[in-house]
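In my numbering, the protein residues as written are 19 to 332.
Beta carbons: idealized from backbone N, C-alpha and C, even for Gly.
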Amino acid sequence: MKLISGNSNRKLSENIAARLANPLAEAEIRTFKDGEVFVEIKENVRGEDVFVIQSTSNPANDNLMELLITIDALTRASASRITAVIPYFGYARQDRKAGPRTPISAKLVANLITTAGADRVLTVDLHAGQIQGFFDIPTDNLFAVNVFAEKIRAMHKGDIDDVTVVSPDTGGVVRARSLSKRLGNRPLAIVDKRREQAGVSEVMHIIGDVKDRHCILFDDIVDSGGTLCNAAQAIMEKGAKSVSAYVTHGVLSDGAHERIAKAKALTRIVTSDSILSTPEVEACKKIEKVEIGGLLAEAIRRIANEESVSSLFD
Ligand code: R5P
Numbered sequence: 019m020k021l022i023s024g025n026s027n028r029k030l031s032e033n034i035a036a037r038l039a040n041p042l043a044e045a046e047i048r049t050f051k052d053g054e055v056f057v058e059i060k061e062n063v064r065g066e067d068v069f070v071i072q073s074t075s076n077p078a079n080d081n082l083m084e085l086l087i088t089i090d091a092l093t094r095a096s097a098s099r100i101t102a103v104i105p106y107f108g109y110a111r112q113d114r115k116a117g118p119r120t121p122i123s124a125k126l127v128a129n130l131i132t133t134a135g136a137d138r139v140l141t142v143d144l145h146a147g148q149i150q151g152f153f154d155i156p157t158d159n160l161f162a163v164n165v166f167a168e169k170i171r172a173m174h175k176g177d178i179d180d181v182t183v184v185s186p187d188t189g190g191v192v193r194a195r196s197l198s199k200r201l202g203n204r205p206l207a208i209v210d211k212r213r214e215q216a217g218v219s220e221v222m223h224i225i226g227d228v229k230d231r232h233c234i235l236f237d238d239i240v241d242s243g244g245t246l247c248n249a250a251q252a253i254m255e256k257g258a259k260s261v262s263a264y265v266t267h268g269v270l271s272d273g274a275h276e277r278i279a280k281a282k283a284l285t286r287i288v289t290s291d292s293i294l295s296t297p298e299v300e301a302c303k304k305i306e307k308v309e310i311g312g313l314l315a316e317a318i319r320r321i322a323n324e325e326s327v328s329s330l331f332d
C-alpha cells in the first residue's frame, strides 16, 4: 500500500500515515508561477494499491486540480488501484439544479475524478448521501458521528440526560437522529431554516421541545456560521440552557470565526480536522477540533485488506 498526500491538509495525511505505520510516499506536488499544478511521484508505484489523500477545500479549484493531476500521474505510473481519499468533498452543495440554467457541479467533479483514473472514492459525511450515485466507481462514505458522540459524552462528563440533539435544517434530520441514537436516544428537535438567498440563512421555527435542555446542533458543514449562529439564537429564545454545535467539516470561510466568537447564544463549535484550519480559526477559542485520522486510517486498512467498511458503524 502507498499513501500519497496532496497539499490541502498534510497534517491529517501524516496522522493517517502514522496510524497505519506507513510513511507518506515521496511526491512533489507544486504550482508553477502561472498557477499550473505539477506532480512528480518520486517512488515506484507500479502494481501498488495507492491512496491519495486530499480534501477539496479552499482553495477548492487548486486542491481539486492537485487531486486530479496526482491521480493522472499514478495511472500513467501503472498503480494497480487508486483510491481518492477525500475527507472533505467540496462542491457537494451543488448537487442539484437549484434554479434554471445552473450546473450540477458535484456531478461534474465526480466525473472528473473518475475520468482522471480513480478506482474508488473514500470520503466522510457527504453533504447528501445520494452524491455516491454520481460516481460510477465504488464510494465509501464514512460517518464521523461516533467520534462526535464520544466527544459529547466527554464534554458533558457522561451526564447527557438533559441533552437534546437539534438538526439545524430539515435536510439534516437523518444525521441528527443518528447522533441522538448514539447518545442513547436523546430527544430530537428541528430548526425550520429557510434560505431566501444563497449564503444567507434565516430561522423560521423550532420543531420540538428545547426548553431547559442542553441543545446540540449537529451539521455536516459550517461555512459562514450563519446557520448555526441563527439557530442558536432561536433555540436560546425558546428557553434552552445552552447551545453547542458539532459539525464535520469546518469550511469556516472569511469572517466566520468572528461571527462565531460574537454569537453569545453559541457556547462552542466542535469540528473535525477534515479541513486544515487557518491561523485565525485556530486562534478562535470557541472552535475546537476532534480528529478523524483514526477513522480514515481504519477505513483505508480495511479497503486495502478487502474487509467490510460498513461494519465500522454497526
Ligand atoms: C446546508 O444544507 C449545510 O448542511 C450547512 O447547514 C450549510 O452549508 C452551513 O452554511 P453556513 O455556515 O454558511 O450557514
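Contact between the segment 300-314 and the segment 157-174 is present: 3 or more CB-CB pairs across the two stretches fall below 8 Å.
A distance criterion of 8 Å places the beta-carbon of His275 beyond contact range of the ligand R5P, judged by its closest non-hydrogen atom. With a cut-off of 8 Å, the C-beta of Ser271 is classified as near the ligand R5P, since at least one heavy atom of the ligand falls inside that distance.
Taking a 10 Å sphere around the C-beta of Asn79, we find fewer than 16 other C-beta atoms and assign the residue as exposed. The ligand R5P never approaches Arg212 closely enough for any of its heavy atoms to be under 8 Å from the residue's Cβ. Setting aside the 5 residues that flank it on each side, Cys302 is surrounded in the same chain by His275 and Ala279, each with a C-beta closer than 6 Å to its C-beta; the list follows chain order.
Between His232 and Ala207, the C-beta gap is not smaller than 9 Å, which leaves the two residues out of contact. Listed in chain order, the beta strand (DSSP E) elements of length 3 or more contained wholly in the segment 173-247 are 181-185, 206-215, 218-225 and 232-240. Around the beta carbon of Asp179, fewer than 16 other beta carbons sit within 10 angstroms, so the residue counts as exposed. CA-CA distance, Val68 to Ala35, rounds to 13 Å.
A distance below 7 Å between beta-carbons, with the five flanking residues on each side excluded, links Glu44 to the following residues of its chain, in chain order: Lys60 and Glu61. The Cβ atoms of Thr93 and Ala134 lie closer than 9 Å to each other. Apart from sequence neighbours up to five positions away, the residues of its chain that approach Ser290 with a beta-carbon distance below 6 Å are Ala162, Thr266, Val308 and Ile310, ordered along the chain. With contacts defined as CB atoms closer than 9 Å, Lys282 and Lys256 fail to qualify as a contacting pair. The beta-carbon distance between Asn27 and Ile47, rounded to whole angstroms, is 13 Å. This is too long to meet the 8 Å contact definition. Ala136 and Ala124 do not touch by the CB rule: their CB atoms are close to 15 Å apart, not below 8 Å.
In this structure, the alpha-carbon of Ala95 lies about 15 Å from that of Phe56. Relative to the Cα of Thr285, the nearest Cα in the group Asn323, Ser262, Val269 and Ile305 belongs to Ser262.
Secondary-structure assignment with DSSP links Glu58 through a beta bridge to Glu46. In the DSSP assignment, Ala128 falls within the unbroken alpha helix (DSSP H) covering Ser123 to Ala134. Of the residues assessed, Val183 falls on the buried side of the cut-off, its CB having 16 or more other CB atoms within 10 angstroms.
Residue state for Asn159 is assigned as strand, using DSSP reduced to three classes. Distance from the CA atom of Asn203 to the CA atom of Gly176, rounded to whole angstroms, is 14 Å. Bridge partners of Ile287 according to DSSP: Ala263 and Ile305. Only residues of its own chain outside the window of five on either side were considered, and among them Arg99, Ile100, Thr101, Ala102, Ile155, Pro156, Thr157, Asp158 and Ile321 have a CB closer than 8 Å to the CB of Arg138, listed in chain order. Set against 8 Å, the gap from the CB of Ile253 to the closest heavy atom of the ligand R5P is not smaller. Beta-bridge pairing by DSSP links Ser73 to no other residue. The C-beta distance from Gly190 to Phe236 rounds to 7 Å, short enough to meet the 8 Å contact threshold.
Pairing Ala39 with Glu32, the inter-Cα distance amounts to about 10 Å. Non-local beta-carbon contacts of Arg195 in its own chain, meaning distances under 7 Å to residues more than five positions away in sequence, involve Leu206 in chain order. Just so you know, the alpha carbons of Pro121 and Gly108 end up roughly 15 Å apart. With distances taken between CA atoms, Gly243 lies nearest to Glu220 out of Arg64, Ser260, Leu330 and Glu220. Under the three-state reduction of DSSP, Lys282 is assigned to coil, being neither helix nor strand.
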